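Residue numbers (this note's numbering), protein chains in the order written: chain P, 1337 to 1637; chain H, 226 to 409.
All C-beta atoms in this analysis are idealised placements derived from N, C-alpha and C, irrespective of residue type, glycine included.
Computed from a prediction, not measured in an experiment: that's the story for all the values here.
Structure record follows, encoded as structure tokens.
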């Protein structure tokens, strides 16, 4: 009697064991010599700008980004100026991702008909898995040239007088799905400055971040502190921008408030004249559209 | 005493079962295809892991979501970031059985119908699925093929209204794997 129960129990057990363990064994066998892969962090920011300044993102390889940046006039100019809506500063830009780590771009600004061109290189890329890297690090360099009449016609002007340069180091980390932060030290060189008291080399320290409030909407902020004693002939302030990113398929809309009227690095880093507490705030938006120029090769069936 | 010998035989048989012939691949192919009025979207994953146990019919799959390649980089980013949330749910897996595995004769080249059922886990949701496919025995390799539809809503993948004309509510999944005999 006891034996029979034991036999039944053994049969039941072994059947259960074999049917359940079979797939587990299979899974284990399948995953046995699985090479760990490098899991790169993607979409630290939704687009190549945090708000008005560069983020560590590049257009993906073979992709062209068309970026329209728009700043209205100051809100405190009142109803007569429709709270700034009658005044606009536009930058039209194109950016291209040559590889996953190298991109370049160019733009034209209505502000003094300034053309700017830049190169952005991704040195480090945040990843986990087979290679662990806590941060993404980009280097950025641009040159801007204004093409309206000379700023200082009474001086001896050379072609180089029109040029300004900006260099940035961007260090960013995506913390989980919703929070990304970036630190951005910047250096701006101006070949010509208004007075001898003004410095040609200007340093700022800034950064920004975003918090996702849904899969497609995030709140972004960006700040750049300008060190004192570098720009003295005009009263300049730290640049602060607060905005929202809205992503719809191939477009990203960035709607923001900022105290910087300028749209390229040299202007918003070193020539932010608005003061938030005075209401010198500009409403602005960026619209970006991604175009695939070179399609990745998908193997045919 | 007799009980112990039967127990021993059963345990032994289970072990034998586990050692029976298995087929495996790490380079299987799964294609996602979404046909909507505005846009046709397809994605290919050529790093599909799969294994089949001929003795039990046990059949498993595992794919990394980030290994799906799209025609547009932005689609791939949105797929991982907004839809399947690859950081939270890095892989999808199927654990199931070929219920009529005895019909597949690996000794003879030919095409055999297969009934497959089991649990598919994707985006953190597990669903029972039951689909038909074929196994083709060809020069010592076993080629498995299946095509079926998945409703994205079943896996709690939300498609917002703004792109509902761009992304279909059901995704056609095509599986094409070539399994090799496993070296045990």
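Quick one: what's got a C-beta closer than 6 Å to residue i's C-beta in the same chain, skipping five residues either side?
i              : result
residue 1423/P : 1409
residue 399/H  : 256, 372
residue 1416/P : none
residue 1507/P : 1471, 1473, 1519
residue 337/H  : 328, 329, 360
residue 1526/P : 1500, 1536
residue 1386/P : 1544, 1556, 1558
residue 1541/P : 1521, 1561
residue 1357/P : Low confidence applies to residue 1357/P: its pLDDT is 47, below 50, so where it sits in the model is not reliable enough to give any reading.
Inspect the beta-carbon positions of residue i and residue j and report whether they are closer than 9 Å.
i              : j              : result
residue 1605/P : residue 1453/P : no
residue 1536/P : residue 1482/P : no
residue 1551/P : residue 306/H  : yes
residue 285/H  : residue 335/H  : no
residue 350/H  : residue 402/H  : no
residue 1476/P : residue 1442/P : no
residue 1591/P : residue 1620/P : yes
residue 1429/P : residue 1404/P : yes
residue 269/H  : residue 309/H  : no
residue 1399/P : residue 1627/P : yes
residue 1382/P : residue 1546/P : yes
residue 288/H  : residue 316/H  : yes
residue 1608/P : residue 1575/P : yes
residue 1397/P : residue 1630/P : yes
residue 1597/P : residue 1406/P : no
residue 1594/P : residue 1617/P : yes
residue 1459/P : residue 1446/P : no
Identify the continuous alpha helix (DSSP H) that holds residue i and give its terminal residues.
i              : result
residue 1605/P : 1601-1606
Among residues of its own chain, excluding the 5 on either side of residue i, which ones have a beta-carbon nearer than 8 Å to its beta-carbon?
i              : result
residue 394/H  : 376, 377, 378, 384
residue 344/H  : 319, 320, 321, 351, 352, 353, 354
residue 1580/P : 1553, 1554, 1555, 1556, 1590, 1591, 1592
residue 1455/P : 1438, 1439, 1440, 1476, 1477, 1478
residue 1373/P : 1465, 1466
residue 1289/P : Past the boundaries of the shown model lies residue 1289/P; chain P is included only from 1337 to 1637, so the question cannot be answered.
residue 275/H  : 249, 250, 253, 284, 285, 286, 287, 369, 402, 404
residue 1434/P : 1397, 1440
residue 1611/P : 1573, 1595
Could you pull the start and end residues of the beta strand (DSSP E) that residue i belongs to?
i              : result
residue 385/H  : Run containing residue 385/H: none; DSSP gives neither H nor E here.
residue 417/H  : Lying outside 226 to 409, the shown extent of chain H, residue 417/H is not represented and no answer is given.
residue 1614/P : Unbroken run through residue 1614/P: none, as it is neither H nor E.
residue 1501/P : 1499-1511
residue 1451/P : 1450-1460
residue 1538/P : 1537-1548
residue 1445/P : 1438-1445
residue 1427/P : 1424-1433
residue 1531/P : Segment: none, residue 1531/P is in no beta strand (DSSP E) and carries neither H nor E.
residue 1335/P : Within the shown structure, residues of chain P are numbered from 1337 to 1637, placing residue 1335/P beyond reach of any answer.
residue 259/H  : 247-260
residue 1313/P : Past the boundaries of the shown model lies residue 1313/P; chain P is included only from 1337 to 1637, so the question cannot be answered.
residue 1581/P : 1575-1584
residue 379/H  : Premise fails: residue 379/H is in no beta strand (DSSP E) and is neither H nor E.
residue 402/H  : 395-406
residue 1594/P : 1587-1594
May I ask whether a heavy atom of the ligand SAM can be found less than 8 Å away from the beta carbon of residue i?
i              : result
residue 1391/P : Summarising the ligand content, the structure contains no ligands, and the ligand SAM is consequently not present.
Apart from the five residues on each side of it in sequence, which residues of its chain come closer than 7 Å, Cβ to Cβ, to residue i?
i              : result
residue 1514/P : 1547, 1548
residue 1463/P : 1374, 1375, 1376, 1377, 1469
residue 405/H  : 248, 249, 250, 366
residue 326/H  : 279, 282
residue 1586/P : 1625, 1626
residue 1484/P : 1448, 1449
- Task: Output the residue ranges of the beta strand (DSSP E) runs that lie fully inside the stretch 289-365 of chain H and measure 3 residues or longer, sorted by chain position.
- Result: You should have 316-323, 335-347, 350-363.
- Output the residue ranges of the beta strand (DSSP E) runs that lie fully inside the stretch 1373-1401 of chain P and measure 3 residues or longer, sorted by chain position. Taken in chain order, the whole beta strand (DSSP E) runs of length 3 or more contained in the stretch 1373-1401 of chain P are 1374-1376.
- When Cβ atoms are compared, which residues of the stretch 1488-1511 of chain P fall closer than 8 Å to chain H? Listed by position, the residues of the stretch 1488-1511 of chain P near chain H (Cβ gap below 8 Å) amount to none.
- Name the residues in the stretch 311-345 of chain H whose C-beta lies less than 9 Å from a C-beta of chain P; which are they? So the close ones are 311, 312, 313, 315, 318, 320, 321, 322, 343.
- Message: At a CB distance below 8 Å, what residues from the stretch 1362-1376 of chain P approach chain H? Give them in sequence order.
- Response: Cβ contacts with chain H: 1362, 1363, 1365, 1366, 1367, 1370, 1373, 1375.
- What residues from the stretch 1603-1628 of chain P come within 7 Å of chain H, judged by C-beta to C-beta, listed N to C? Flagged, chain order: 1626, 1628.
- Query: Taking Cβ-Cβ distances below 9 Å as the criterion, which residues of the stretch 277-292 of chain H are in contact with chain P?
  - Reply: Result list: 277, 278, 280, 281, 282, 283, 284, 285, 286, 287, 289, 291, 292.
- Query: Hey, which unbroken runs of the beta strand (DSSP E) at 3 residues or more fall wholly within the stretch 1457-1486 of chain P?
  - Reply: Runs found: 1463-1465, 1472-1482.
- Please list the residues of the stretch 248-261 of chain H that have a C-beta atom closer than 7 Å to any C-beta atom in chain P, keeping them in chain order. Hits within the stretch, in order: 249.
- Message: By the 7 Å beta-carbon criterion, what residues does the stretch 295-307 of chain H contribute toward chain P?
- Response: So the close ones are 296, 297, 298, 299, 302, 305, 306, 307.
- Message: So if I threshold CB-CB distances at 8 Å, which residues from the stretch 1538-1551 of chain P count as touching chain H?
- Response: Taking 8 Å as the Cβ-Cβ cut-off against chain H, the residues of the stretch 1538-1551 of chain P that qualify are 1551.
- Interface residues of the stretch 1448-1469 of chain P facing chain H [CB-CB below 8 Å]: If the cut-off is 8 Å between Cβ atoms, the stretch 1448-1469 of chain P has nothing near chain H.
- Item | Interfacial residues, the stretch 1515-1536 of chain P to chain H, with Cβ spacing under 9 Å | Listed by position, the residues of the stretch 1515-1536 of chain P near chain H (Cβ gap below 9 Å) amount to none.
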